[in-house]
Structure formats: C-alpha cells, structure tokens
Amino acid sequence: RWSLAIHGGAGTLSRDAMTPEKEAEYEAMLQTALDAGAKVLADGGDAMDAVKAAVIIMEDSPLFNAGKGAVLTWDGDAELDASIMDGRDRSAGAIAGVRTVKNPILLADRVRTDSPHVMLVGEGAEQFALEKGFAVTPQSYFITPMRLDALERMKAKQLSALDVDLKFG
Amino acid sequence: TVGAVALDQKGNMAAATSTGGMTGKRWGRVGDAPVIGAGTYADNRACAVSATGWGEYFLRVGVAHEICARLRGVKEFNALTAESDGAAALQPEEAEYIADSVMADVKDLGGDGGVILVTPEGHAVFSFNTTGMYRGRATSDGVNEVAIFGSEDKVSSTP
C-alpha cells in the first residue's frame, strides 16, 4: 500500500481572482507533480524519492512560490528555503536563504546525507552546494514578471520595509 | 510554498517542503518550511507532514511535529488497548481531527495556512484554514484528485 499528498501553497488567489484558465493551469501542474510522485511509489520506489520527484516539478514551474517563480524579497531577489525528512531514521536536511540553487530540495537532501548538520543557511549553504557539484543558477532564472509585479504592487501601497516585517509574534 | 508527503510500499514515510518565503521579506527572514518540526516532519511511528502558510505561527506552534506527536500518542494508546478492543490501526477521522486541531491552534494565534499528511495506514489528509490550498493526493486504493478551493471563506495573503 502507498499514499502521496502534495501541496502548492495556500491562499494566493481568491475565488474571484481565479479564472477558469488559470485554475486549469494550476490543476494540470499539480496533476503532473502528483503523477511523478505516484509513479515512483507505484513502481515500488522509496518515499524519499517520491517526495523529491513531486517537489522538483513544482520548483521548476513558475506557478508556485518555490524555485523558479518564487516570491521576491524587498530588494527584489529570490531567496529560497527547503527541508526534507526521512521517517525511517528521522534524518533531516534543511537550507535557508539560498539564491543560486535551482532545486533547493535537492540541496536540503544533500545536507541530510552528506553533511554532519541539519540546517545550513545563506553563503555557507551555497558554498556547500558548490563543493557538492551543484551548478550556480543566476537570479534571472528565478525571477518572473508575476512576482516582480507583486513586489511592485506591495511597494506601491507605500509600505516601508518595516511595515512588511511587522507582525506575527 | 510547495510540499509533498509519501508512504511507500515498504511502510516508510518522507516529507519535503520548498519555498520562496513571503513577498518583500528582508533581514534574512526564514519562515516555516526550512525548520524541521514547524513545516516539515516525518516519523515512521506516526506520520509525515508538510505545511504552508504564515511561517512564524507554524514555528510558534511547532505544527508538523505537534501533529506527529499527537498521532503517535493516539497510536500508542490504541496499541495498548488493542488487546481488548482490536482497534490498533489509526482511523482517518483521528488523523483529520488532530490536523484540524493543530491548525485551529495556528488560527487562534492569528495565523493561517494548511498542512498535508500521510499516515502509516495510508490515509492522505488535508487541513487548511484558508479559502483554498493548491493540493492533490493519490493512493494505491485508486484515489487521484487535485483541488484548489475549499469551503471556508477566509482569504490568505500568504504567497
């Protein structure tokens, strides 16, 4: 018996803002990611490989807030975080604030398997990525017009950077 | 944010989450996804969880680990009582109740978002307190579905 669930984020669009075409586009990409993970599991593969297969497809799609198409920081950069955990032995890997790795989930997994640590951040994580053979991906790959527009709309509300960070406890 | 959780045919589970965070973030802000225990957790004894939403609230609640810990407690209790009533296996309603309960805790603090989880029994569960969540699930029992909107009317500003 096998089982798989995926998500591509929550709440970016209200019902009113979602067109039938856009909804179909999201559903098709979700189905593609679901199928990729399900195939691994149906063929007898590992859960770890299944979750990576599904997440990579969504990281590579500009529709979702991860990898290509990630939202932008106040300074207009893509700054990526990812984590992965294996239920067999509770081994875990995580990265944060990475700007040059195309598929952050794969780097998180290398932290899990090839480092003595659980979480690496920023330049250190990127140095680790280089040492493990990850290609340096330019920022232009990640930045999409949709996310640039979103950042511009936010700034047009005359928010300050401080306003953006006020919250949450 | 994107994520996936899986149970394979050998009974092993895994969870993965990846995100760009929130629009306009600065100061090296880190949300829920890269923090093991808040947005991602997997334990063969309990479940695998991946989350999306206002990360700071997920950090404060420790959402992913909290769900797994509660499920593990239920399973251990069921195992203890199984000899008398034969009900060791986790029921999907129990997993849904626990996921909803933890997400209600997030909501009470002012946060929103959602989680996906799978259990050792093969249940694939969603729980979210936003208008919708981009989501999908497939199982060896023939489930194959994707969806976006739910029945609640609250709109999140979470990217």
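Chains A and B, in that order, give the protein sequences.
The opening position of the first sequence corresponds to residue 7 in our numbering, with each subsequent residue numbered one higher.
The opening position of the second sequence corresponds to residue 4 in our numbering, with each subsequent residue numbered one higher.
Just so it is clear, CB atoms sit at the ideal spot from N, CA and C, and this is done for glycine as well.
Quiz prompt | Proximal residues of chain A, C-beta to C-beta of G76/B below 9 Å | solution = Simply none; closest approach about 17 Å.
Quiz item: Which residues, in order along the segment 129-141 of chain B, keep a beta-carbon less than 8 Å from a beta-carbon of chain A?
Solution: Hits within the stretch, in order: F129, F131, T133, T134, G135, M136, Y137, R138, G139, R140, A141.
Practice problem: For E59/B, count neighbouring Cβ atoms within 10 angstroms of its own Cβ and tell me buried if that reaches 16, exposed if not. | Solution: Residue environment: E59/B is assigned as buried (16 or more neighbouring CB atoms within 10 Å of its CB, all protein chains considered).
Self-check item: Residues near V46/A by beta carbon distance below 8 Å, same chain, minus five either side
Solution: Cβ within range, chain order: D52, D55, A56, A59.
Quiz item: What's the gap between the Cα of A36/B and the Cα of T43/B?
Solution: In a straight line, the C-alpha of A36/B is about 6 Å away from that of T43/B.
Quiz item: Looking at the structure shown, is F140/A part of a helix, part of a strand, or coil, going by DSSP?
Solution: Note: F140/A maps to coil in three-state DSSP.
Quiz item: Does A9/B get closer than 9 Å to chain A when you measure Cβ to Cβ?
Solution: Yes, because at least one Cβ of chain A sits closer than 9 Å to the Cβ of A9/B.
Quiz prompt | Any C-beta of chain B under 9 Å from that of F148/A | solution = Yes, contact with chain B.
Quiz item: Given 8 Å as the limit, is there contact between the segment 66-73 of chain B and the segment 25-32 of chain B, that is, 3 or more CB pairs closer than that?
Solution: Short answer: they don't touch.
Quiz item: Of the choices E85/A, G14/A, I111/A, D22/A, whose alpha-carbon is the least far from that of F140/A?
Solution: Across the set E85/A, G14/A, I111/A, D22/A, the C-alpha of I111/A shows the shortest separation from the C-alpha of F140/A.
Exercise. Determine, using beta carbons only, whether A51/B and V121/B come nearer to each other than 9 Å.
Key: The answer is yes: Cβ separation under 9 Å.
Quiz item: Taking the alpha-carbon positions, what's the P162/B to A76/A distance?
Solution: Note that P162/B has pLDDT 43, beneath the 50 cutoff, so the model's placement of it is unreliable and no number is given.
Exercise. Tell me where the beta strand (DSSP E) around S130/B begins and ends.
Key: Bounds of the beta strand (DSSP E) holding S130/B are 127-131.
Quiz item: Which word fits S104/B, buried or exposed, when buried means at least 16 other C-beta atoms lie within 10 angstroms of its C-beta?
Solution: Under this definition S104/B is an exposed residue.
Quiz item: What's the gap between the Cα of L136/A and the Cα of H13/A?
Solution: The alpha-carbon of L136/A is positioned some 29 Å away from that of H13/A.
Quiz prompt | Exposure of R159/A, with buried meaning 16 or more beta-carbon neighbours within 10 Å | solution = Exposed: under 16 other Cβ atoms inside 10 Å.
Practice problem: Using a Cβ cut-off of 9 Å (strictly closer), state whether P162/B contacts chain A. | Solution: Low confidence applies here, because P162/B scores a pLDDT of 43, under 50, leaving its location unreliable and the question unanswered by this model.
Quiz prompt | Which listed residue (I149/A, L10/A, S9/A) has its alpha carbon closest to that of D81/A | solution = The residue among I149/A, L10/A, S9/A with its C-alpha nearest the C-alpha of D81/A is I149/A.
Exercise. Please specify which runs of the alpha helix (DSSP H), each continuous and at least 4 residues long, are wholly inside the segment 52-106 of chain A, giving them in chain order.
Key: Runs of the alpha helix (DSSP H) spanning 4 or more residues and lying entirely within the segment 52-106 of chain A occur at 53-66, in chain order.
Exercise. Measure from the C-beta of S89/A to each C-beta in chain B and report whether the shortest distance is under 9 Å.
Key: For S89/A, the answer is yes, since a Cβ of chain B falls inside 9 Å of its Cβ.
Exercise. Output, in chain order, the set of chain B residues within a Cβ distance shorter than 8 Å of G139/A.
Key: Neighbours of G139/A on chain B: none; closest Cβ ~20 Å, over 8 Å.
Practice problem: Quick one: list the residues of chain E neighbouring V38/B, beta-carbon separation under 9 Å, in chain order. | Solution: Of the protein chains in the structure, A and B, none is chain E.
Exercise. Per DSSP, which residues does A138/B bridge with? Please list them.
Key: At residue 138/B the sequence reads Arg, which differs from the Ala that was named. Note: R138/B sits in a beta bridge opposite H13/A, A150/B.
Practice problem: Return the CA-CA distance between A48/A and M64/A, expressed in angstroms with no decimal places. | Solution: The straight-line gap from Cα to Cα measures roughly 20 Å.
Exercise. Take the Cβ of L113/A as the centre, count every other Cβ of all protein chains shown within 10 Å, and call the residue buried at 16 or more, exposed below.
Key: That one is buried.
Quiz item: So which of F61/B, W57/B, I101/B has the shortest CA-CA distance to V77/B?
Solution: If we check each option's Cα against that of V77/B, I101/B comes out closest.
Exercise. For V109/B, decide whether its Cβ has a neighbour in chain A, counting only Cβ atoms nearer than 9 Å.
Key: Taking CB atoms only, V109/B has no neighbour in chain A less than 9 Å away.
Practice problem: Starting from I39/B, follow its DSSP beta bridges and name the residues at the other end. | Solution: Listed as beta-bridge partners of I39/B by DSSP are T43/B.
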